[in-house]
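Asker: Just add 3 to the spot in the sequence shown (first one is 1) and you have the numbering used here.
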Amino acid sequence: MQPRVKLWVEKDGLLVFSDYRAELLNHIARTGSIRGGAERMGLSYRRAWGKIKEIEHNLGVRLVQSEAGGVGGGRTRLTAEAEELLARYRAFRAAAESDVSRDFAEAFGRGG
4 MQPRVKLWVE KDGLLVFSDY RAELLNHIAR TGSIRGGAER MGLSYRRAWG
54 KIKEIEHNLG VRLVQSEAGG VGGGRTRLTA EAEELLARYR AFRAAAESDV
104 SRDFAEAFGR GG
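1) Does DSSP classify Thr82 as helix, strand or coil?
2) Rounded to whole angstroms, what is the Cα-Cα separation between Leu17 and Asn61?
3) Quick one: Cα of Ala41 to Cα of Arg78, how far?
4) If you draw a straight line from the alpha carbon of Thr82 to that of Leu28, how long is it in whole angstroms?
5) From Gly76 to Ala51, what distance separates their C-alpha atoms?
6) Taking Leu10 as part of the alpha helix (DSSP H), name the residues at either end of that continuous run.
7) The alpha helix (DSSP H) spanning Ala62 covers which residue range?
8) Ends of the beta strand (DSSP E) at Leu28?
9) Could you round the C-beta distance between Ile55 and Val67 to whole angstroms and report it? I think they count as a contact, below 8 Å.
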């Protein structure tokens, strides 16, 4: 047996951030586009853009910076605030998983 944890962050009762949203930002960073990030997650561009706007609204920060395209197309980058949000969320998640694993071992023993 092993524990599983589902984490998310709320502000004033509104979902702000989660593994799913972190994954979306990671894909946008890797592909350089919202469309590319959306495709990797099986989302429509509209749904991905809506998630980004929702996070931005709930946190009051901008997450992506888009550059207009020319012949080769545009590019979308994560803002410094988005990079910091991802780093903090990863650290929070790692600490939570460590605590849960420790508590699980204490409650159920190493072998579960």
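Yeah, the Cβ is synthetic: ideal placement off N, Cα and C, and Gly gets one too. Fair warning: this is a prediction, and the values are worked out from it, not measured in the lab.
Answerer: In short, the structure shows the following:
1) Position 79 of the sequence shown, counting from 1, holds the residue named residue 82. In this structure, Thr82 counts as coil in the three-state DSSP scheme.
2) Position 14 of the sequence shown, counted from the start, is the residue given in the question as residue 17. Position 58 of the sequence shown, counted from the start, is the residue given in the question as residue 61. Spanning the two alpha carbons is a distance of roughly 7 Å.
3) Residue numbering aside, residue 41 sits at position 38 when the sequence shown is read from its first letter. Residue numbering aside, residue 78 sits at position 75 when the sequence shown is read from its first letter. Going from the Cα of Ala41 to the Cα of Arg78 covers about 14 Å.
4) Position 79 of the sequence shown, counting from 1, holds the residue named residue 82. Position 25 of the sequence shown, counting from 1, holds the residue named residue 28. Taking the straight line from one Cα to the other gives about 10 Å.
5) Position 73 of the sequence shown, counted from the first residue, corresponds to residue 76. Position 48 of the sequence shown, counted from the first residue, corresponds to residue 51. Taking the straight line from one Cα to the other gives about 19 Å.
6) What you label residue 10 is simply residue 7 of the sequence shown in a count that begins at 1. Element bounds for Leu10: n/a, residue is neither H nor E.
7) As a first step, residue 62 is located in the sequence shown; it is residue number 59 there, counting from the start. A small fix is needed here, since residue 62 is Leu in this sequence, not Ala. Start and end: Tyr48 to Leu62.
8) Here residue 28 refers to the residue found at position 25 when the sequence shown is read from its first residue. Not the beta strand (DSSP E): Leu28 falls in the alpha helix (DSSP H), residues Asp22 to Thr34.
9) The residue you call residue 55 lines up with position 52 of the sequence shown. The residue you call residue 67 lines up with position 64 of the sequence shown. Confirmed, Cβ separation roughly 6 Å.
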